[in-house]
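Undergrad: Got a structure for you, written out below as structure tokens; questions coming shortly.
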Amino acid sequence: MTRKSRFLAAPYLVWLAIFTIIPLALIVVFAFTTTVTVDETGRIITAEELLSAEADGVVLGELTEKTVFTLDNITATSAYMPVMVRSIWLALIATVLCLVIGYPTAYLISRLTFSRQKMMLMLVMLPMWMNFLLRTYAWMTLLERNGWINKLLGLIGLGPFEMINTQGAVVLGMVYNYLPFMILPLYSIMTKIDNSVLEAAGDLGCNPIKTFSRVVWPLSLPGVATGITMVFVPAISTFIISRMLGGGTNMLIGDLIDLQFLGNAYNPNLGAAISLVLMAVILLCMSITNALDNEDMEGGALL
Amino acid sequence: MKATRIFSAFFTVIMLLTLLTAAPPVFALESGWEIDYSDYDWTRLAGDNVTLNVYNWGEYMSLDGGDGEFDVNGEFEKLTGIKVNYTNFASNEELYAKLHSGGSTYDILIPSDYMIGRLIDEGLLEKLDFDNIPNFGNVFDIYKSPEYDPANEYSVPYLSGIIGIVYNTTLVDKDDDVETWDILWDEKYANNILMFSNSRDAFMISCFRLGYSPNTTDENELRAAAEELKKQKLLVQAYVMDEIYDKMGGGEAALAPYYNGDAAAMIADNPDLAFAIPREGTNHFVDAFCIPKGSKNKEAAEIYINFLCETLVALKNSQFVGYMTPVKTAYEALTPEQQANTMVYPSDEILKNTVTYTTLSPAAKNLIDSLWTEILSEVGASPWMTPVVLIAAVGISLWINIRRYVKKKTATN
Amino acid sequence: MNTSGTRFSPLRRLYLVAIFAFLYIPILVLIVNSFNASKSRTVWTGFTLDWYRRLFSNETIITSLINTLAVALIASVVATILGTMAAIGLHNMKRITRSLVINLTYMPILNPEIITGVSLMLLFVSLNISFGYLTLILSHISFCVPYVILNVLPKLRQTDRSLYEAALDLGCTPMKAFTKVIIPEIMPGILTGFLMSFTYSIDDFVISYFTYGPTSQTLSITIFSMTRRKVSPEVNALSAIIFLVVLSVLLIMNLREINAEKKTRMAVSAAIRNESKSHKHEHAADSNGGGE
């Protein structure tokens, strides 16, 4: 463990540079460049000129392609703001729902006997073992017009309901897939809350609501912050859930990125610009949860 | 907790591995096909341990799915000793993105007409050595030297078909006219229509409906077509490609544009379905074999193309997937009933009313792409959104207030 | 840690049951469909075991399963070696450099997968590396290494430096002191890092989607191309088998743990009983002695 051993990190530093820093830098480079057509004199030929020249049968001379700096990709992303807003919105709803559903679950599990806690946690994690695409596909089978749920409701004379290809289905898919990411951090923080603390609060005259708002909730806030990040980040950037359950009519920001890189509208420059915007949004969201976390940790410590 | 999951991962893998090694090697199921292949040096690369990477549309080749079907790739491997690694794409644009984004190591591609032209223009294809493909002589003359490959240097046709409308007879009114693209804009079928998620096909439909050529590069015409597609979006249940097969088969929607061969298979599975060809005209596509630049197994790829043009192989493929074969000898080997099946072999009258895509200029293509992204990403108003906005707003404000309350209390304590 | 446990009111129990029903219904769908004679997902036509038989002759699925396992194994082994070395190096670095590198290490974990995938795709395109095994393994290593580092570093912090120095004083070469003292200390961290890498690599879809090539289709990729057309019921059969295997492994481990817990509890209570007994004896002896 001498000073010399720090050179053991050298291969990783090279790796980090090549596979983390350069790729992210490439996103920035792609976001700020574009490929244009230029003629022999180096003049940039716009798409309109090309189209009209083609329509009139005019030959523009020797044309070549060139990569140039541009802000067009970044400004073009503003046209997709509705998609961004919808992604933030749906991811936010999914996160709130995960919190609302996951919080009591984590709390109830943390109050069980130790061996039962283990069993329950295992049951929470087990579905994550099945391929994520297959689980989402199974939801398709459930939600379809002729799917299991509508068939079941049909037996008692209800429906059929339009469930698949709606925003509700997309949110459901997010909640289903990312709920364990909310339950696990909440659970690990709640096991640290001892029952004696709750009993003490009761003895000191707190009703259950007060015990919750003044003891349990503040103590669990770090877990809440972690859970929110762990659900919100994958939810806002998903493209499979929206494609399978949203039917392509409820496009999210992830779909838009996929569309530019491997989809029907090949344009990596625009795709990189949208990725950059997405990264900015996530950074903002994480700093907010971080701030909440730190602030409330102090509050919790005061107790 | 994490360790539990991780250890179980380890055991799972070990158990799976034992399961796999314990299972009998049943890959090479014995098939009963005894075939006289034409006189050709099939085995010249047998000892070289070659693997061909074939990139094709989904469900677009006769392969053994456990039902004892003629397995093209299996037979090819048996005959030539060349291994085939077979993968699928869902649209020409996906193939383009995969190819363009870096020399993916494919050896055989099967794109459609207009995409072949574009790949040729961008220098992404290898010229074929037709000495290695003597079976090209079996191909109908009308399929030789097509517009997308005028000198016929880069491609050999595989299959061809047309696009029409698949509809569910139990969901579409008997009196409604299905032989027109207009029905895909009929408000009666709101939320019951599936639409192509691929820009070229979507614009084709919109252009035919407005009386334009699907190969138009006129900006005003393209913008008008885009406007119509925007209007249609309010009625569309989902933008999909291959998913149409499953969704229409399961009765999830009433109407969808689709390819004739797959439509025939869908009707066989679900007799409620029917197929109509719009009278405004439609697209006639030709999918053809190409070899991408940089293929390391060019000769093996040419042997493969030659194999696929063998009379019996082309016949089996055409029968299995239900599209027109351009191989003359294979067509002649069909039974008269099969030749008369207008689902697979539309009449000359219908074919006369079809247009094959031409390769668009990059500028026109970019315009279509950006218009299409715009259409898809436009926000469709959902009545479902408002109540959720309210609930979430209340929830968030509650949360903030509780937090503030807790803090105040702790501070005073 | 609270181990006393609370008895649940029916309402609370109902809530947990509802949550687990929500989590398991889709899996039930998969398992039921793996026995469905019809290829349709929504129509039940009869019971069959055919899909399980066909699974083993489905070359596409088996090949991608083998690909998945091979990529996961290679990627996690390389990531473990690279990550362990990096962690040891980082441990001995100046504070500022260390925290800078650690923050960069967090990037692939905190960034959405789609960004990591897209950025790696751009890298391979720019370097003109064709997509295949190599690109897939490289990208899997890069999202696995952070998990190894973040598991090994805390273990290094816990190691006792004086032990290492004592070994040196007792005549060990630095190399020997390192392998005999440090490595055993941090082994649990290395192992956890390795297994985590392995798990994430098997699970991954998004990053593989942007970096796979024709020769390296993993199970996720194969399933993805199936979901567009029709998922063949063989995949349902495969996932039912995986589910069963994971479930039984977890159950066995849990039962063993519970048993072990019971045993320790019994041992502890026995010990307490013994102790109190011997106390009594002492007490008796004392009083006896006092009586004499």
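Chains as they are written, first to last, in this note's numbering: chain A, 1 to 303; chain B, 1 to 413; chain C, 1 to 292. Glycine is no exception: its CB is placed at the ideal position from the N, C-alpha and C atoms. All figures in this text were calculated on a predicted structure; none of them were measured in a lab.
What's the call for LYS247(B), buried or exposed, on a 16-neighbour Cβ count within 10 Å?
TA: In this structure LYS247(B) is buried. Its beta-carbon is surrounded by 16 or more other beta-carbon atoms within 10 angstroms.
Undergrad: Determine the direct distance from the alpha carbon of SER101(B) to that of ARG209(B), and round the result to whole angstroms.
TA: 34 Å
Undergrad: Against chain B, with Cβ distances strictly below 7 Å, would ASN264(A) count as a contact?
TA: yes
Undergrad: Can a CB atom of chain C be found closer than 7 Å to the CB of VAL406(B)?
TA: no
Undergrad: Residues in the same chain with beta-carbon distance under 8 Å from ASP71(B), minus the five sequence neighbours each way, listed in chain order, please.
TA: So the list reads SER31, SER62, LEU63, ASP64, once near-sequence residues are dropped.
Undergrad: Give the secondary structure of THR51(B) by DSSP, where H, G and I count as helix, E and B as strand, and everything else as coil.
TA: Looking at THR51(B) - three-state DSSP - the assignment turns out to be strand.
Undergrad: Is PRO292(B) near the ligand NAP - that is, is its Cβ less than 6 Å away from at least one heavy atom of it?
TA: Looking for the ligand NAP in the displayed structure turns up nothing, as the structure carries no ligands at all.
Undergrad: Return the first residue and the last residue of the beta strand (DSSP E) that GLU65(A) is part of.
TA: First-last of the beta strand (DSSP E) with GLU65(A): 64-69.
Undergrad: Rounded to the nearest angstrom, how far is the Cβ of TYR80(A) from that of GLU93(B), given a contact under 8 Å?
TA: At roughly 19 Å, the Cβ-Cβ gap does not stay under 8 Å, so TYR80(A) and GLU93(B) are not in contact.
Undergrad: Could you work out which residue in VAL14(A), LEU284(A), PRO180(A), ALA200(A) is closest to LEU99(A) when comparing CA atoms only?
TA: PRO180(A)
Undergrad: Determine contact between the segment 265-272 of chain B and the segment 162-176 of chain B, defined as no fewer than three beta-carbon pairs at a distance below 8 Å.
TA: Because the criterion of three Cβ pairs below 8 Å is met, the segment 265-272 of chain B and the segment 162-176 of chain B touch.
Undergrad: Are the C-beta of THR173(C) and some C-beta of chain B separated by less than 7 Å?
TA: no
Undergrad: For the pair the segment 29-36 of chain C and the segment 228-241 of chain C, tell me if three or more CB-CB distances fall below 8 Å.
TA: yes
Undergrad: Along chain A, which residues have their Cβ under 9 Å away from the Cβ of TYR24(C)?
TA: Under the 9 Å cutoff, chain A gives LEU123, LEU126, PRO127.
Undergrad: Report all residues from its chain with a CB closer than 8 Å to the CB of LEU50(A); omit the five preceding and five following residues, and keep chain order.
TA: THR37, LEU60
Undergrad: Name the residue from ILE88(C), LEU30(C), GLU113(C), TYR133(C) whose alpha carbon lies nearest to the alpha carbon of THR215(C).
TA: Ranking the options by Cα distance to THR215(C), first place goes to TYR133(C).
Undergrad: For LEU371(B) versus ALA226(B), is the C-beta distance shorter than 7 Å?
TA: yes
Undergrad: Taking 7 Å as the CB-CB limit, is PRO214(C) close to chain B?
TA: yes
Undergrad: For the segment 324-342 of chain B, enumerate the residues whose C-beta is nearer than 8 Å to any C-beta of chain C, in chain order.
TA: none
Undergrad: Cβ of LEU222(B) within 7 Å of Cβ of ILE193(B)?
TA: no
Undergrad: Taking the alpha-carbon of LEU376(B) as reference, which of ILE274(A), PRO268(A), GLY247(A) has the nearest alpha-carbon?
TA: For LEU376(B), the closest alpha carbon among the candidates ILE274(A), PRO268(A), GLY247(A) is that of GLY247(A).
Undergrad: Could one say the Cβ of ALA22(B) lies closer than 7 Å to chain C's Cβ atoms, at least one of them?
TA: Unreliable positioning characterises ALA22(B) in this predicted model, as indicated by a pLDDT of 48, which lies under 50. A coordinate reading is not provided.
Undergrad: Closer than 9 Å by beta-carbon distance: list the chain A residues that pair up with LEU119(B), in chain order.
TA: Per Cβ cutoff of 9 Å: no residues; LEU119(B) is ~13 Å from chain A at best.
Undergrad: Does the CB of PRO383(B) have a neighbour CB from chain A at under 7 Å?
TA: Low local confidence applies: a pLDDT of 44 at PRO383(B) is under 50, so the model's placement there is unreliable, and no value is given.
Undergrad: Hey, which unbroken runs of the alpha helix (DSSP H) at 4 residues or more fall wholly within the segment 54-110 of chain C?
TA: 59-91, 95-110
Undergrad: Between MET266(B) and VAL166(B), which are expected to be in contact by the criterion C-beta below 8 Å, what is the C-beta distance as a whole number of angstroms?
TA: Between VAL166(B) and MET266(B) the Cβ distance is about 6 Å, and since that is below 8 Å, they are a contact.
Undergrad: What does the Cβ neighbour count give for ASP194(A), buried or exposed, with the cut at 16 atoms within 10 Å?
TA: exposed
Undergrad: Buried or exposed, going by whether 16 or more other CB atoms sit within 10 Å of the CB of GLY309(A)?
TA: The structure shown has nothing for residue 309(A), since chain A only spans 1 to 303.
Undergrad: ILE44(A) bridges to which residues according to DSSP?
TA: VAL38(A)
Undergrad: Mind checking if ALA86(C) is an interface residue toward chain A, Cβ cutoff 7 Å exclusive?
TA: yes
Undergrad: Can you find the residues in the same chain that come closer than 6 Å, C-beta to C-beta, to LEU219(C), ignoring five residues on each side of it along the sequence?
TA: SER64, LEU65, THR68
Undergrad: Spell out the partners DSSP gives ALA288(B) in its beta bridges.
TA: PRO157(B)
Undergrad: Is there a Cβ of chain A sitting closer than 7 Å to that of THR216(B), yes or no?
TA: At a cut-off of 7 Å between C-beta atoms, THR216(B) does not count as an interface residue with respect to chain A.
Undergrad: Alpha carbon to alpha carbon, how far is ILE88(C) from ILE186(C)?
TA: One Cα belongs to ILE88(C), the other to ILE186(C), and the distance between them is close to 10 Å.
Undergrad: For the segment 350-358 of chain B against the segment 249-259 of chain A, do three or more pairs of beta-carbon atoms, one drawn from each stretch, fall closer than 8 Å, so that the two count as touching?
TA: no
Undergrad: Can you name, in chain order, every residue of its own chain whose Cβ lies under 6 Å from the Cβ of GLY227(A), other than the five neighbours on each side?
TA: MET182, PRO185, LEU186
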